[in-house]
Amino acid sequence: MCAWATCVTGRPVLFRYTREEEFIANTSRHVAKVTVKLGAKKDGRLTAVKMDFRANTGPYGNHSLTVPCNGPALSLPLYPCDNVDFQVTTYYSNICPNGAYQGYGAPKGNFAITMALAELAEQLQIDQLEIIERNRVHEGQELKILGAIGEGKAPTSVPSAASCALEEILRQGREMIQWSSPKPQNSDWHIGRGVAIIMQKSGIPDIDQANCMIKLESDGTFIVHSGGADIGTGLDTVVTKLAAEVLHCPPQDVHVISGDTDHALFDKGAYASSGTCFSGNAARLAAENLREKILFHGAQMLGEAVADVQLATPGVVRGKKGEVSFGDIAHKGETGTGFGSLVGTGSYITPDFAFPYGANFAEVAVNTRTGEIRLDKFYALLDCGTPVNPELALGQIYGATLRAIGHSMSEEIIYDAEGHPLTRDLRSYGAPKIGDIPRDFRAVLVPSDDKVGPFGAKSISEIGVNGAAPAIATAIHDACGIWLREWHFTPEKILTALEKI
8 MCAWATCVTG RPVLFRYTRE EEFIANTSRH VAKVTVKLGA KKDGRLTAVK MDFRANTGPY
68 GNHSLTVPCN GPALSLPLYP CDNVDFQVTT YYSNICPNGA YQGYGAPKGN FAITMALAEL
128 AEQLQIDQLE IIERNRVHEG QELKILGAIG EGKAPTSVPS AASCALEEIL RQGREMIQWS
188 SPKPQNSDWH IGRGVAIIMQ KSGIPDIDQA NCMIKLESDG TFIVHSGGAD IGTGLDTVVT
248 KLAAEVLHCP PQDVHVISGD TDHALFDKGA YASSGTCFSG NAARLAAENL REKILFHGAQ
308 MLGEAVADVQ LATPGVVRGK KGEVSFGDIA HKGETGTGFG SLVGTGSYIT PDFAFPYGAN
368 FAEVAVNTRT GEIRLDKFYA LLDCGTPVNP ELALGQIYGA TLRAIGHSMS EEIIYDAEGH
428 PLTRDLRSYG APKIGDIPRD FRAVLVPSDD KVGPFGAKSI SEIGVNGAAP AIATAIHDAC
488 GIWLREWHFT PEKILTALEK I
């Protein structure tokens, strides 16, 4: 809209929603009804899984196919099974438009499959964590369902869980939450524990592409032109650290210009958890390309063979006879000696998947007299490979997980019988506040080494929203014996469900 208005008027345009307009006109997560049917042996091992995913897209087909398809695609592979069937149906309606939202279908699909598996565990008198262990994906295992469905085009191969730290994640989570320890109870408050495992993608193979260009400046610093835009994910920092690692220079010597379409090379964009794997790998390749040029010209200036020199911190080419700084190499190239400015380029596309995995553990206290729910403990353990910036990754986990807790415990858009939204401000919407953070809230990185991402890294920005709802819902069941199958979990729903048992 702003671009159109700028073209028509020839002037800069600022468009700003009121808070009410934001709720009415902006897109939110698809409303969905997901039904899961399971077949299993007496020991709880799955023999068949069926998922029916029905999504309400509102008045427009905005991501109306891919989001519902990602519901099964990002939940069913957690529990590989020989017999899998799923169906996706999208409905149009007169509610507010729905579209792409963090997690992109995975939270709804994962909620349904986790709840179904927990109910199966109860019927078979098996511990919930134990039934997850018996059925979960293992490292190296083929994910056959993803070889049958694609995103954007038909798949060309069957992907596998090339790196997966779920075994260690579940071991650590079990210890942290003291899964098997007695739960103190009193007359009103009942304690329960729940768990959910989660997964996500790291971009879209064979479709997403990223490019990067890095130039050595005459003062020995580097200018990086990255097409990936940092929209709050910390991508600029990731690109900086990757380039600095390859070029053996301090991070402060790397200056990133990102998202500038007048100067940057093509990048598919910061979406689908693709930033680290795609834009990051493009930066790594560009840095490696530039590194070879720096080594070549540095060796010539030292009068040595390329094989006898190496990059060294801080920003020098070092050989047997001495060393020459990056700045001196750039200055020589730009003062009439013939080889000119040194520029490295990198382009990245891959047919391979990189799947981050994780688990959420929750401990709740439920007041069976008032229906109040108190989230006492919440632990989010995630395998994002070898994180480029661990502190940044932890921040992403905390933010995404707290958002998911809000979706589960308080946030809701209510419509009247005619489809008009009654929720038009943050007060009525129920966004979580600082006081709603769990009393004991921890994020933990459990590393693995993935071959797709740069230096073993995988995505982190979306997976954090995928597991809070089922972890909390199964904890509520453990506390007071009720199954809540619809977000969000309110005292009214607690009391209504308690009256039925």
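Under our numbering, the first residue of the sequence shown carries the number 8, and numbering increases by one thereafter.
Backbone N, C-alpha and C fix where the C-beta goes; we use that ideal spot for every residue, glycine too.
- Out of 63, 42, 68 and 13, the CA that lies nearest to the CA of residue 426 is found in 63.
- In the assembly as shown, residue 20 is an exposed residue. Its beta-carbon has fewer than 16 other beta-carbons within 10 Å.
- Taking every protein chain shown into account, the CB of residue 193 has fewer than 16 other CB atoms within 10 angstroms, so this residue is exposed.
- Straight-line spacing of the CA atoms in residue 294 and residue 328 works out to 25 Å.
- When 500, 484 and 265 are compared, the shortest CA-CA separation from residue 134 is found for 484.
- The three-state secondary structure of residue 387, taken from DSSP, is strand.
- Under the three-pair Cβ rule at 8 Å, the segment 228-238 counts as touching the segment 261-275.
- Under the DSSP assignment, residue 364 falls in the beta strand (DSSP E) whose first and last residues are 364-374.
- In the same chain as residue 210, and ignoring 5 residues on each side of it, the C-beta atoms closer than 6 Å to its own belong to 279, 281, 284 and 285, in chain order.
- Rounded to whole angstroms, residue 491 and residue 445 show a C-alpha spacing of 20 Å.
- Look at residue 86 here: in three-state DSSP terms it is coil, with no helix or strand label.
- Checking the DSSP bridge columns, you'll see residue 330 partnered with 325.
- In this chain, residue 148 is not harboured by any alpha helix (DSSP H), its DSSP state being neither H nor E.
- Check the Cα spacing between residue 277 and each of 252, 298, 243 and 256: the tightest is with 243.
- Of the residues 436, 268 and 248, the one whose Cα lies closest to the Cα of residue 398 is 248.
- One thing to note: residue 368 has its Cβ within 8 Å of the Cβ of residue 202.
- Cα atoms of residue 47 and residue 58: separation of roughly 15 Å, rounded to the nearest angstrom.
- Taken through DSSP and simplified to helix, strand or coil, residue 118 comes out as helix.
- Judged by DSSP in its simplified three-state form, residue 123 adopts helix.
- For residue 27, the CB contacts under 6 Å within the same chain, skipping 5 residues up- and downstream, are 431 in chain order.
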